[in-house]
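Colleague: Pasting in a structure now, in structure tokens, and then I'll have a few things to ask.
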Amino acid sequence: MTRLANVATMIAALVFLPSLLSCNRVEPQPDGVTKAGDPAISIEALGPEAFPGPVVDPKGRLGRLGQTVEGLARGWRRDLGIDFQTVIVEGPPGRIVDVADQLFHLRKVGETAPTGGLLLVVDPEGGRAR
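Numbering follows our numbering, with no gaps: position 114 of the sequence shown is 765.
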């Protein structure tokens, strides 16, 4: 895959990923439990020790799309020197911008990449992305 095609595919994934995930949107619960009854996963539990790859999807919401996004992220790293990571969070408390900032530092996005890093945080329950 050429660099241009790789970049175009990743941009398309970035644009459509939040809308694909919002198809199964449920309202977040105030006590940190999802509507389905699953306990919410803390931000600290999403670190690189527990999830070393470029895609963090603890509940498998991405399905096969996760493999595609992971392949594209690895291509960006190899071809462009960009550390691209995607994290799926389930109804985190607070503003999504604050959650993204915490995850960016926790996951050390771009620290070892020659060109830097990019983090996509998607909250399908709240219909938010950053």
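Glycine included, every Cβ here is placed at the ideal spot set by N, Cα and C.
1) Rounded to the nearest angstrom, what separates V740 and D730 at their Cα positions?
2) Should P782 go down as buried or exposed, given a rule of 16 or more other Cβ atoms within 10 Å for buried?
3) Using CA atoms only, rank isn't needed, just tell me which of L754, L771, T766 and V773 is closest to P699.
4) Pick helix, strand or coil for Q680, following the three-state DSSP scheme.
5) Is G726 helix, strand or coil by DSSP?
6) Taking the C-alpha atoms as reference points, what is the distance between D708 and R758?
7) List the residues that DSSP assigns as beta-bridge partners of G737.
8) Once DSSP output is grouped into helix, strand and coil, what is the label at R781?
Modeller: This is what the structure gives:
1) 28 Å
2) Nothing can be reported for residue 782, as the shown portion of the chain is limited to 652 through 781.
3) L754
4) Its pLDDT being 47, under 50, Q680 is placed unreliably by the model, and the measurement read from it follows with that caveat. Shown here, Q680 sits in coil according to DSSP, grouped into three states, outside any helix or strand.
5) helix
6) 14 Å
7) First, the amino acid is wrong: residue 737 is Thr here, not Gly. DSSP output for T737 lists V706 and L771 as bridge partner(s).
8) Three-state DSSP puts R781 in coil, outside helix and strand.
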